[in-house]
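Trainee:
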Amino acid sequence: MWIDNPFAALIEAARRYAALVMLRLASVILRTAIELRQRCLISSRNLHAALTIAEVFGRSATVVMFGCKWGVRPPRSGSE
25 MWIDNPFAAL IEAARRYAAL VMLRLASVIL RTAIELRQRC LISSRNLHAA
75 LTIAEVFGRS ATVVMFGCKW GVRPPRSGSE
């Protein structure tokens, strides 16, 4: 398969990889915070802070992947 613009393909691959890394980081933060809370090693307030951080990583991954703003779906193709 011939790629017309290899630089654009490289950028797109990097964007997708960055989004996957952010989602993985959010997952690790969530699992760790929940496990620490179950063992009573962190307070509910710190658990809430960790959930907020994980949400930011998840939303950032959405922005990177799809180029949309916070909670806003990208427009359908062909509509403006």
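In my numbering, each residue's number is its place in the sequence shown (first place is 1) plus 24. Glycine is no exception: its CB is placed at the ideal position from the N, C-alpha and C atoms. If you're wondering where the values come from, they're calculated on a predicted model, not measured in any experiment.
To the nearest angstrom, how far is it from the Cα of proline 30 to the Cα of valine 80?
Mentor: Here the question's residue 30 lines up with position 6 in the sequence shown. Here the question's residue 80 lines up with position 56 in the sequence shown. Answer to the nearest angstrom: the Cα atoms are 31 Å apart.
Trainee: Assuming isoleucine 53 and alanine 74 make a contact with CB atoms under 8 Å, what is their CB distance in whole Å?
Mentor: Walking along the sequence shown from the start, residue 53 turns up at place 29. Walking along the sequence shown from the start, residue 74 turns up at place 50. Correct: roughly 6 Å between the Cβ atoms.
Trainee: If you draw a straight line from the alpha carbon of alanine 37 to that of threonine 76, how long is it in whole angstroms?
Mentor: Here the question's residue 37 lines up with position 13 in the sequence shown. Here the question's residue 76 lines up with position 52 in the sequence shown. Looking at the two C-alpha atoms, the distance is approximately 27 Å.
Trainee: Could you give the distance in angstroms between the alpha-carbon of valine 88 and the alpha-carbon of serine 68?
Mentor: Position 64 of the sequence shown, counting from 1, holds the residue named residue 88. Position 44 of the sequence shown, counting from 1, holds the residue named residue 68. If I take the Cα positions, the gap works out to 30 Å.
Trainee: Could you please give the first and the last residue of the uninterrupted alpha helix (DSSP H) stretch that includes isoleucine 58?
Mentor: Within the sequence shown, residue 58 is the residue found at index 34, counting from 1. Per DSSP, isoleucine 58 belongs to the alpha helix (DSSP H) from 30 to 62.
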